[in-house]
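The structure appears right after this line, and notes come after that.
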Amino acid sequence: MRYFVALLPPPEVVDGLAAAIARVSGRPEPRLRWSSPPQWHVTLAFLGPVDPAVRPALAERLGRVARRHPPVEVRLGGAGHFGGRVLWARVNGDLGPLATGVRRAAARAGADHGDDRPFRAHLTLARVPAGTSPDLREVVRELDEAIAGSSWSAGAITLMSSDGGPAPTYRVESEWELRGSAASR
489 MRYFVALLPP
499 PEVVDGLAAA
509 IARVSGRPEP
519 RLRWSSPPQW
529 HVTLAFLGPV
539 DPAVRPALAE
549 RLGRVARRHP
559 PVEVRLGGAG
569 HFGGRVLWAR
579 VNGDLGPLAT
589 GVRRAAARAG
599 ADHGDDRPFR
609 AHLTLARVPA
619 GTSPDLREVV
629 RELDEAIAGS
639 SWSAGAITLM
649 SSDGGPAPTY
659 RVESEWELRG
669 SAASR
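Position 66, counted from 1, in the sequence shown is what the working numbering calls 554; the numbers after and before it change by one each time, with no gaps.
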């Protein structure tokens, strides 16, 4: 099992995003592996495998982070891709402090995966199959127009597990309501 901490979009945002994707996902080209709506999330921290002995400390520290941080207003800001391999929806909002708090809490609990890449808020929509190099410009352009603007108040952080594999199954392990005030961050 691999673990990560995420924000989950509400059903109305998922429905709007699914409708936008339906308009472009049926094309024969480019060939993409589209993620399914139950997989959609905004990763705040990827943890990888977490020792069962560490999980109670991780839960305690993530709970503290949630108590200190207020809900965050987020907005989908169009589409893009990472290196022509991953198609994503940009997520705008002041998520940096929350992601930093989550990553620090995981490290202090002993669940640090060592992922030191800068945080880039996004929601993965599709992956490019291995061995292919499609031109994503048209799909990005159409999705960029179709998905920009959906917004929500992210009111909780969620510890998720994934069984890995080509079609991973995600499971909610724990969830903490964001209850802080702007002054408590």
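Where a beta carbon is used, it is the ideal one built from N, C-alpha and C, also for glycine. Since this is a predicted model, take the numbers as computed values, not measurements.
Problem set entry | DSSP three-state assignment for R578, whether helix, strand or coil | By 1-based counting over the sequence shown, the position of residue 578 is 90. Annotated three-state conformation of R578 is strand, per DSSP.
Exercise. Can you name, in chain order, every residue of its own chain whose Cβ lies under 7 Å from the Cβ of A636, other than the five neighbours on each side?
Worked result: As a position in the sequence shown, residue 636 is number 148, starting the count at 1. Around A636: L564, G565 and G566.
Problem set entry | Burial state of T531, where buried means 16 or more other Cβ atoms lie within 10 Å | Within the sequence shown, residue 531 is the residue found at index 43, counting from 1. T531 should be labelled buried.
Exercise. Measuring CA to CA, which of A494, P526 and L520 is closest to I500?
Worked result: If you number the sequence shown from 1, residue 500 lands on position 12. The sequence shown places Glu at residue 500, rather than the Ile named in the question. When each option's Cα is compared against that of E500, the closest is P526.
Exercise. Between the stretch 567-579 and the stretch 605-625, are three or more C-beta pairs nearer than 8 Å?
Worked result: Per the Cβ contact rule, the stretch 567-579 is in contact with the stretch 605-625 (3 or more Cβ pairs under 8 Å).
Exercise. The alpha helix (DSSP H) with T588 in it runs from where to where?
Worked result: Counted from its first residue, the sequence shown places residue 588 at position 100. Segment G584 to A597, the alpha helix (DSSP H) holding T588.
For this session: May I ask you to report which of helix, strand or coil DSSP gives S513?
Result: Counted from its first residue, the sequence shown places residue 513 at position 25. Reduced to three states, the DSSP call for S513 is helix.
Problem set entry | Neighbourhood of V502 by C-beta, 7 Å cutoff - its chain only, sequence neighbours within 5 removed | The residue given as residue 502 occupies position 14 in the sequence shown. Answer for V502: P525 and W528, listed in chain order.
For this session: Would you mind reading off the limits of the alpha helix (DSSP H) that contains L611?
Result: In the sequence shown, the residue the question calls residue 611 occupies position 123. No alpha helix (DSSP H) contains L611, which is instead part of the beta strand (DSSP E) from H610 to R615.
Exercise. Using DSSP with H/G/I as helix, E/B as strand and the rest coil, what is L535?
Worked result: By one-based count along the sequence shown, residue 535 stands at place 47. Strand at L535.
Exercise. What residue from T620, R667 and L495 has the CA that sits closest to N580's CA?
Worked result: Position 92 of the sequence shown, counted from the start, is the residue given in the question as residue 580. Taking only the C-alpha atoms, the option nearest N580 is L495.
Exercise. Do F607 and A587 come within 8 Å of each other at the CB atom, strictly closer than that value?
Worked result: Position 99 of the sequence shown, counting from 1, holds the residue named residue 587. Position 119 of the sequence shown, counting from 1, holds the residue named residue 607. Contact flag set, yes.
Exercise. Which residue's Cα is closest to the Cα of I645: G619, A533 and H610?
Worked result: As a working mapping, residue 645 is identified with position 157 in the sequence shown. Taking only the C-alpha atoms, the option nearest I645 is A533.
Problem set entry | Simplified DSSP assignment, three categories, for G571 | Working through the sequence shown from its first residue, we reach residue 571 at position 83. Three-state result, G571: coil.
Problem set entry | Residue interval of the beta strand (DSSP E) (run including R659) | Along the sequence shown, one-based indexing puts residue 659 at 171. Note, R659: beta strand (DSSP E), Y658 to E665.
Exercise. Is it true that the CB of H557 sits closer than 8 Å to the CB of G584?
Worked result: As a position in the sequence shown, residue 584 is number 96, starting the count at 1. As a position in the sequence shown, residue 557 is number 69, starting the count at 1. No, Cβ-Cβ distance for G584 and H557 is not below 8 Å.
Exercise. In chain order, what residues of the same chain have a beta carbon less than 7 Å from the beta carbon of R591, not counting five sequence neighbours either side?
Worked result: What you label residue 591 is simply residue 103 of the sequence shown in a count that begins at 1. The answer, listed in chain order, is A533.
Problem set entry | For A599 and R515, the rounded distance between their alpha carbons | In the sequence shown, counting from the first residue as 1, residue 515 sits at position 27. In the sequence shown, counting from the first residue as 1, residue 599 sits at position 111. If I take the Cα positions, the gap works out to 41 Å.
Problem set entry | Proximity winner among G643, S649 and P544, relative to L666 (alpha-carbon distances) | Against the sequence shown, residue 666 aligns to sequence position 178. Among G643, S649 and P544, the Cα nearest to that of L666 is on G643.
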